[in-house]
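*Asks:*
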Amino acid sequence: PPAHALLAGLLAALAEQAGAGGGEAAAVGAAWGRRAVRRTRAGSCLAALGAELERLGFEPAAEATAGGAARIDFLHCPFRELAEAYPELVCNLHRGICAGVLERAGGATMEEFGALYDPDPCHVTVRV
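Take the sequence shown: its position 59, counted from the start at 1, is 216 in our numbering, and no numbers get skipped.
This is the structure:
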């Protein structure tokens, strides 16, 4: 594996050994997401979220759902191997990134986040 993948695995193991859980991972992700919005020139909250997900390599695919929400499926997880080994940390980190982007960009809320270990995995539903 590439050096960055090995480093990521070591950092996840360290975080887990240090007692970090899903809440801490989500908080770190949210801080990242809030900073990410400052890097983008997206015109809307959904565009900002889509831009960050694309930049991270998730290959987001958005579609409108009944009731005015939007569902964004993640066609590729760049962290899949790590998520399988550390789902609580990695999936909550990703959930936090989505929440942070939505919080900073404003105008939408996260209704649902389907993590790798959920029955309907790898998506986020956003209410605009």
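Glycine included, each C-beta is placed from N, C-alpha and C at the ideal position. Because the structure is a prediction, the values reported are computed rather than measured.
1) Taking the continuous beta strand (DSSP E) assigned at Ala265, which residues delimit it?
2) Any idea which residues DSSP pairs Val283 with across the strands?
3) Under DSSP, the beta strand (DSSP E) around Glu220 begins and ends at which residues?
4) Classify Arg192 as helix, strand or coil using the three-state DSSP reduction.
5) Could you pull out every residue in the same chain whose Cβ sits closer than 8 Å to the Cβ of Glu241, ignoring the five residues on either side in sequence?
6) Whose C-alpha, out of Ala193, His161 and Ala182, is nearest the C-alpha of Glu260?
7) Does the distance from the C-beta atom of Val285 to that of Cys255 stay below 9 Å?
8) With a Cβ-Cβ cutoff of 9 Å, do Ala208 and Ala219 count as a contact?
9) For His161, count the other beta carbons within 10 Å of its own beta carbon; 16 or more makes it buried, fewer makes it exposed. Which is it?
10) Where Ala101 and Gly179 are concerned, what is the direct C-alpha to C-alpha distance, given to the nearest angstrom?
11) In the DSSP assignment, find the unbroken alpha helix (DSSP H) run with Cys202 in it and report its ends.
12) Counting only the same chain and skipping the five closest in sequence on each side, list residues whose C-beta sits under 7 Å from that of Gly271.
13) Just to confirm my understanding: we take Leu232, look at its own chain, exclude 5 residues before and 5 after, and list those with CB closer than 7 Å. What are they?
*Replies:* In this structure, then:
1) For this step, residue 265 is matched to residue 108 along the sequence shown. For Ala265, no beta strand (DSSP E) encloses it, and the DSSP letter there is neither H nor E.
2) If you number the sequence shown from 1, residue 283 lands on position 126. As a beta-bridge residue in DSSP terms, Val283 pairs with Ala227 and Met267.
3) As a working note, residue 220 is residue 63 in the sequence shown. Per DSSP, the unbroken beta strand (DSSP E) holding Glu220 starts and ends at Pro217 to Ala221.
4) For the purposes of this step, residue 192 is taken as the residue at position 35 of the sequence shown. Of the three classes helix, strand and coil, the one that applies to Arg192 here is helix, per DSSP.
5) Here residue 241 corresponds to residue number 84 of the sequence shown, with the count starting at 1. Within the same chain, and ignoring the five residues on either side of Glu241 in sequence, the residues whose Cβ sits closer than 8 Å to its Cβ are Leu273.
6) As a working note, residue 260 is residue 103 in the sequence shown. With respect to the C-alpha of Glu260, the residue from Ala193, His161 and Ala182 having the closest C-alpha is Ala193.
7) Within the sequence shown, the letter at position 128 stands for residue 285. Within the sequence shown, the letter at position 98 stands for residue 255. In this structure, Cys255 does not lie closer than 9 Å to Val285 by Cβ.
8) Here residue 208 refers to the residue found at position 51 when the sequence shown is read from its first residue. Here residue 219 refers to the residue found at position 62 when the sequence shown is read from its first residue. Not in contact: Ala208 and Ala219 (Cβ atoms no closer than 9 Å).
9) For the purposes of this step, residue 161 is taken as residue 4 along the sequence shown, with counting starting at 1. Its Cβ having fewer than 16 others within 10 Å, His161 is exposed.
10) Nothing can be reported for residue 101, as the shown portion of the chain is limited to 158 through 285.
11) Locating residue 202 in the sequence shown gives position 45, where the first residue counts as 1. Taken as a continuous stretch (DSSP letters only), the alpha helix (DSSP H) holding Cys202 covers Cys202 to Leu213.
12) Against the sequence shown, residue 271 aligns to sequence position 114. Cβ within range, chain order: Asp277, Pro278, Cys279 and His280.
13) Here the question's residue 232 lines up with position 75 in the sequence shown. These residues qualify, in order along the chain: Glu216 and Ala218.
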